[in-house]
Structure formats: C-alpha cells, structure tokens
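Below is one structure, written out as structure tokens, with a few remarks after it.
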Amino acid sequence: MIVFFRLLTFMRPREHVIHPAGQLPLPVAQFLRLRDQIPWLYGLLATNSVILAYTHRAVAPTTLTITVPAVLILATLVRMAMWLTPIRAEDLAVAKVEAKLRSAVAVAVALAIGFVTWALGLDQYGNAWEHGHVAIYVAVTVLGCIFCLNYLPLAATLVGVTVIGTFLVYALLQQTEILIAIAINIGLVAAMILKLLNDSYHGFVDLELAQRDLHRKRRQAQALGTENARLAETDALTGLPNRRFFFAMLDSMIEQASADHSFCVGLIDLDRFKPINDTHGHAQGDRLLQIIGERLQSSRPDDVIVARLGGDEFGLIINGGADKAEAIANSLCTAVRAPVRLGDLGVSVGCSAGLVVFPQAGTTAHALYDRADFALYHAKNQKRGQCVRFSGELENLIRTEQALEAALQGADLQTELRLAFQPIVYTDTLEVVSVEGLARWTSPRLGVVSPEQLIQTAERVGRAREVTLTLFDKALVSLARLPANVRLSFNLSGIDLGDPGTIEALLSRIGQEHHLAHRLVFEITESSLIAEIEAAEVALRRLRAVGAQIALDDFGTGYSSLSSLHMLPLDIVKIDRSFATRLDEPSGRRLIAAIRNLARALSLDCVIEGIETESQLIGARLGGFTLAQGYYMHRPLEMADILRLLAPAPTASPHPRNRFG
Ligand code: C2E
Ligand code: CA
Ligand code: CA
C-alpha cells in the first residue's frame with residue numbers, strides 16, 4: 053500500500069509553487085499542508101475498508117461486501133486523485149482556496165457518514181470476531197482520519213463527532229455493554245487527540261503569523277537596504293549618480309560588452325569654476341553645480357548616463373560610436389555653457405570634454421577613465437572649450453610621458469644631468485655679462501630630453517627638488533670657475549618656488565659659498581608665480597636677502613601687466629623671444645620700447661631674448677636695449693667653451709664693465 057501510495061505521490065508532477073512559512077495567506081498555507089496529508093487519509097480509509105469488506109465476505113451479503121464499499125472506495129479514490137492533481141499558481145487565490153477547504157469539510161462529513169453507516173451495516177452479520185473487527189475498524193480509521201485532518205480542525209472535529217456519535221448511538225440502541233464501553237473509549241481518545249491537534253493547529257497558525265510578521269519586517273529592511281544602496285550611489289549635491297555608480301556601471305558594461313557593441317566614456321570638466329567658487333563663496337558654487345547637474349540630466353538622451361565624479365568633473369557613458377558620442381558631449385557642453393543666474397548674479401562657466409571609445413582606448417574601467425582624463429587634460433591645455441577624442445597621437449604622448457617617468461625615476465641625476473650655458477651680452481660691445489645655466493638631461497635609455505620635459509617629469513615623479521639641487525650644485529661649481537665679473541642665471545620652476553624645502557636647501561648651499569651670492573640671478577616665470585603667489589614671494593625675498601637677483605623670465609607671454617610687477621621683488625625683466633621677431637617691424641618696435649620704458653621706470657633691467665639675426669640685434673640696440681641673449685650671439689655652450697670665450701684676449705677691453713644691465 054505504502055509503495056503504491058509513494059508511487060502516486062511521486063507521479064504528481066513537481067510543483068513550482070514555493071511555500072515557505074509565513075509568505076502565503078493563512079488559508080493557502082493551510083491548504084498546501086492539507087494537500088500533503090489528505091491523500092494519505094483516503095489511502096488509509098480505502099485500504100481499511102477493503103480489509104473490512106474482505107473479512108465479512110462469507111457472512112454478509114454482497115451488497116455490503118462489494119457494491120456499497122466499491123462505491124464508497126471509488127468516491128475516496130476520486131477525491132484522492134483530485135488532491136493529487138498539480139495546482140497552478142492561480143488556484144491558490146485565497147477565495148478559491150477557502151471554497152476548497154469548505155468543500156473538504158463537507159466531503160469529509162459525508163464520507164464519514166457513508167463509511168460509518170456501511171460499517172455498522174456490516175456489524176449486523178458475523179460472530180464476535182467480525183463484530184470486534186468492525187469496532188476496531190471504526191476506532192482506528194476515525195483516529196487515523198482525525199490525524200490526517202489536523203490542518204483542518206473543523207473537519208477533524210466533525211468527522212470525529214459524526215463517527216463516534218453514530219457509533220455511540222448505535223451501541224446504545226444495541227444495548228451491548230461492551231460496545232458502549234468501546235464507543236466511550238474511542239470517544240475519550242478521540243477527544244484527547246482532537247484537543248492535541250487543536251493545540252498544534254493553533255501553534256501552526258501562530259507560527260505562520262509570526263513568520264509573516266518576520267517576512268514583512270525583512271521586506272522593510274530589504275527596501276531600506278535598497279534605498280541605502282541607491283543613496284550610496286547618488287551624489288548628494290546634484291542627485292546625479294556618483295563616482296561609485298559610474299565605475300560599477302562601466303565594469304558591468306565592459307563585462308557584458310559583445311564584439312559588435314561599442315560605447316564611449318566621456319569626461320566633462322568645467323572651466324573657470326574655481327574662480328567663481330572662490331569669489332562668490334561655496335554656497336553659490338554648490339548652487340551652480342546643482343544647476344549644471346540639472347541641465348546635464350535634462351539634456352541627456354535616455355540611454356546616456358551622466359554622473360558627477362567629484363568637484364566640477366562629470367562622467368558620461370554613451371552607447372554607440374565616437375561620432376554620436378562626440379555630438380552628445382558637445383550638446384551637453386553647450387547646455388553647460390548657457391549663462392546661469394545665481395540670485396542677482398549672472399555667471400557663465402565653460403567646459404571641456406575628453407572622450408574615449410571602448411574597447412579601442414582600453415578594456416578596463418580605469419584604463420578608459422585614465423585615457424578619457426588624458427584627453428580632457430589635453431583639451432584643457434591645448435583646445436580649451438572643446439571635446440577631444442582620445443587618439444593614437446595622444447596614446448604616443450602618454451607612452452612618452454610614461455617612458456620619461458620611468459627613465460627619470462631610475463636616473464642617476466649626478467651623471468645624467470648637466471648644465472649648458474648661454475651668454476647674455478651687451479648689445480653694443482657683445483661683451484658677456486652673464487651666462488644662463490640651462491638644464492641638459494642625457495638619459496642612457498631615451499637620449500637627450502628637453503629641459504621642459506625634464507622639469508615636468510621631475511614634478512610628476514616627485515624628484516623636482518633633487519633635480520633642482522643637483523643642477524644648482526653644478527651651477528655653483530661653474531660659477532666659481534667663471535671670471536669674477538660674470539654672473540650666472542639659474543632657472544627656478546613654480547614647484548621650486550612653492551617648496552620651502554627647496555628654497556631652504558638653495559639658501560644653505562649659497563651660505564656655504566656666500567662670496568658667490570652676489571653673482572647669482574634666479575630666473576622665474578610668471579606662470580610659476582600664479583599658483584602660490586604668497587609662498588613664491590616669500591621665497592623670492594629670502595633669495596634676494598642673501599644678495600641674489602631675481603629676473604622675470606619670458607615676460608609678455610603671461611597675463612600680468614608690467615605695472616603690477618612693482619609688487620614683486622624683481623631686478624630684471626627678460627622679454628620673451630617671441631618679441632624679438634617683431635623688432636624688424638615698426639609697430640613691434642614701438643610695443644617693445646613701451647615695455648622697456650615701463651621697466652626702466654620701475655628700475656628694472658631689461659634683457660631681450662631670442663635674438664637670431666643681425667638686424668634683430670641692431671633693432672634691439674636702436675630700441676634702447678643694453679642687454680640681449682640669442683643664437684645670433686651665442687648658442688648654449690659647454691662650460692669649457694664659455695671659459696675659452698671669456699679668456700682674456702690680448703685685444704680685450706681695458707675697462708671691462710662690471711654691471712648686469
Ligand atoms: P628659458 O629660460 O626661456 O631659456 C631659454 C631657452 O631659449 C633655451 O632653451 C635656449 O636654448 C633657447 N634660446 C636661446 N636663444 C634662442 C634663440 O635665439 N632662438 C631660439 N629659438 N631659442 C633660443 P632650452 O635650453 O631648451 O630651455 C628651454 C626652457 O627650459 C627654458 O626656457 C627654461 O624655461 C627651462 N629650463 C632650462 N633649464 C632649466 C632649469 O635648470 N630649471 C628650470 N626650472 N627650468 C629650466
Ligand atoms: Ca630662463
Ligand atoms: Ca626665457
């Protein structure tokens with residue numbers, strides 16, 4: 053029987069209705085539990101009835117041993133089949149389930165009446181053994197059924213009451229003491245079992261309710277967690293997705309990317325944001341960022357992601373190729389550039405953008421970001437206000453930068469660095485007044501590297517101070533070898549000026565060679581002053597205090613006006629070599645003369661740089677410049693050549709001038 057029944061249960065197709073405790077309405081949970089037990093009930097009922105009919109086959113009429121039991125057992129088998137049919141999710145609607153439970157109660161009572169009446173009918177036949185079998189059949193079967201109905205207490209109780217009640221009435225009518233006693237025994241046991249079942253049913257209900265509560269709380273916690281996760285991926289100021297989201301998104305797009313699908317990553321950086329933030333305050337700066345964030349959000353196409361990556365930098369992820377992405381980036385930049393009203397204030401910021409294409413520019417989120425950043429950096433420096441695509445040309449530039457960094461990181465500065473010296477001369481006699489030390493780096497790996505690249509790379513790899521001090525030591529050694537009437541100019545970068553450690557080290561070296569201090573000139577550029585004007589000014593004053601002079605290099609290429617220069621502790625102005633070419637034309641000469649007059653009014657000496665032709669030299673002389681520097685007179689030279697050049701010749705001037713400008 054059990055094997056047969058297992059087979060039946062096994063044949064029931066697997067249901068995909070998952071019903072862990074507490075996640076379904078109570079009647080549904082109840083119904084699903086019942087489904088596991090009711091087929092056992094019918095199995096028990098049918099089997100016991102077959103056995104009872106069988107033991108009475110010789111004593112009772114066939115109506116009672118075959119016909120009636122066959123009908124009753126057929127009814128149970130039909131019901132069993134119904135309970136075993138797979139259910140679909142829509143069958144679990146609460147109303148439907150409640151109806152099924154009600155009909156289960158009715159069917160249970162009807163079958164109880166049917167079977168008990170049949171059993172008592174059989175009891176009319178046979179001897180004491182057969183009567184005993186009927187009593188045991190009724191007792192055992194009803195208790196078994198009550199057990200199986202424990203998730204439907206009403207049915208269990210009604211079945212119990214119906215069967216045992218009928219049996220008791222029958223016993224009373226028979227007036228058989230032993231039957232009455234059996235009925236009372238069964239009744240007591242059934243009552244106790246019903247009580248226990250009832251308790252366990254209430255336990256089940258409580259558990260379901262408790263689990264339901266737990267699930268509700270868990271769902272709330274989950275919702276809260278989702279909200280937290282959303283907040284963790286949102287930029288608090290603009291409400292745009294933040295950096296974390298941007299990179300997570302990039303990672304997942306890279307992971308899912310297929311060969312025929314490309315996307316672009318863009319970076320937008322605001323121009324002139326910092327001055328607005330500094331001048332109008334951070335609150336206004338924040339408001340401006342919010343407005344720009346809203347504009348980006350509302351101007352972006354639906355499939356474009358705009359995130360704020362920090363500060364005034366925004367990131368874009370754009371599905372599609374470079375042309376489409378560039379058009380979108382440009383239209384977003386146009387939206388950013390529209391004037392913004394902040395209270396009574398009207399401001400406008402510019403923006404530049406860098407763009408890379410996946411997978412050409414890189415296959416990891418960080419590689420893509422770095423290259424987009426490089427393209428952006430390039431846009432800001434070379435093509436301000438435009439969108440620059442990362443290209444092979446930029447790739448080479450990166451490679452060059454990386455190679456330079458690697459080479460400088462491992463460089464032996466003492467042997468790889470040296471100075472070349474370019475004289476500065478009087479325009480009339482061409483006599484050398486001073487020499488400018490110019491850095492030369494010959495890398496064993498890369499060959500000769502320009503001084504600009506040396507200085508920039510040194511800043512990037514953090515060896516700026518070392519480079520400057522190595523060069524300065526060499527400069528001091530050279531200065532000591534130069535005739536006493538010749539000075540030496542040494543170039544300082546913005547980083548040098550902003551680094552008190554470097555200035556301290558320079559001063560300490562000058563202190564050791566203090567007799568040379570008055571022959572030193574430090575050349576600085578305007579751009580080196582811009583970054584940290586206060587620190588730079590302090591540094592300049594300290595250098596000047598020990599007797600060195602200060603020259604402002606490349607004058608005319610920056611933004612400052614000469615009149616603002618009187619604030620700075622300067623001695624000399626070097627007019628940028630771009631002006632030298634203009635010495636040939638009258639308007640250029642007038643402009644240069646004006647600069648010279650102003651310098652003179654401020655008691656600054658003037659050097660004109662980049663003299664490449666005789667006519668430029670004559671122009672400089674006629675323009676009133678006493679000092680000049682340039683390839684026409686001398687290219688940068690080795691120290692030995694400088695010494696040879698300065699060696700007193702028999703025709704040397706009997707009264708050498710000892711003055712710089
Ligand atoms: P700078 O200080 O303006 O130096 C003058 C540069 O112009 C030198 O280039 C020099 O060779 C070049 N030059 C001189 N006369 C002429 C001319 O008639 N025509 C043309 N076309 N060019 C001329 P160099 O040596 O390549 O140096 C370039 C820049 O590198 C320097 O510009 C300076 O800013 C920087 N630099 C050089 N040495 C150092 C250093 O030791 N420290 C720092 N911080 N910067 C240095
Ligand atoms: Ca210089
Ligand atoms: Ca210069």
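Residues in the sequence shown are numbered consecutively from 53, following this note's numbering. Ideal Cβ positions, reconstructed from N, Cα and C, are used throughout, including at glycine. Predicted model only: the values in this text are computed from it and were never measured.
Under the DSSP definition of a beta bridge, residue 475 partners with 487. Residue selection by CB proximity (closer than 5 Å to any heavy atom of ligand 2) returns 543, 575, 605 in chain order.
Nearest C-alpha to residue 387 among 322, 269, 507, 395: 322. For the alpha helix (DSSP H) assignment, the uninterrupted runs of no fewer than 4 residues enclosed by the region 652-690 are, from N- to C-terminal side, 666-674. Between ligand 1 and the CB of residue 468, the shortest heavy atom gap is not smaller than 7 Å. Within 7 Å of the C-beta of residue 661 there is at least one heavy atom belonging to ligand 3. Residue side-chain check: residue 628 places its Cβ nearer than 7 Å to a non-hydrogen atom of ligand 3. CA-CA distance, residue 149 to residue 123, rounds to 27 Å. Positions of the alpha helix (DSSP H) runs, each at least 4 residues long and wholly inside the region 89-165, are given as 120-136 in order along the chain. The alpha-carbon of residue 495 is positioned some 7 Å away from that of residue 459.
Residue state for residue 532 is assigned as helix, using DSSP reduced to three classes.
When secondary structure is reduced to three states using DSSP, residue 221 falls in the helix class. In the displayed model, residue 442 falls within coil according to three-state DSSP, outside both helix and strand. The beta carbon of residue 497 lies closer than 6 Å to those of 459 in the same chain, with the five residues before and after it left out. An exposed status is given to residue 269, since fewer than 16 other beta-carbon atoms sit within 10 Å of its beta-carbon.
The three-state reading of DSSP puts residue 641 in helix, counting H, G and I together. Short note on residue 681: C-beta closer than 7 Å to some heavy atom of ligand 1.
Not one heavy atom of ligand 1 sits closer than 7 Å to the Cβ of residue 557. Going by DSSP, residue 436 is part of no beta strand (DSSP E) at all; its letter is neither H nor E. Our two residues, residue 576 and residue 544, have alpha carbons roughly 5 Å apart in a direct line.
Closer than 7 Å to some heavy atom of ligand 1: that does not describe the Cβ of residue 588. Assigned with DSSP and collapsed to three states, residue 293 falls in strand.
Inclusion of residue 97 and residue 160 in the CB contact set at 8 Å is not warranted, their separation being larger than that value. Counting only unbroken stretches of 3 or more residues, the beta strand (DSSP E) elements lying wholly within the region 327-369 are 356-362, in sequence order.
Of 629, 580, 530, 677, the smallest CA-CA separation from residue 693 is found for 530.
Looking at 167, 340, 561, the one whose alpha-carbon comes closest to that of residue 391 is 340. Under the DSSP definition of a beta bridge, residue 385 lacks any partner. When DSSP reads this structure, residue 325 sits in no beta bridge, so it has no partner.
A heavy atom of ligand 1 is found nearer than 7 Å to the CB of residue 688. A distance below 8 Å separates the beta carbons of residue 427 and residue 408. The three-state reading of DSSP puts residue 470 in strand, counting E and B together.
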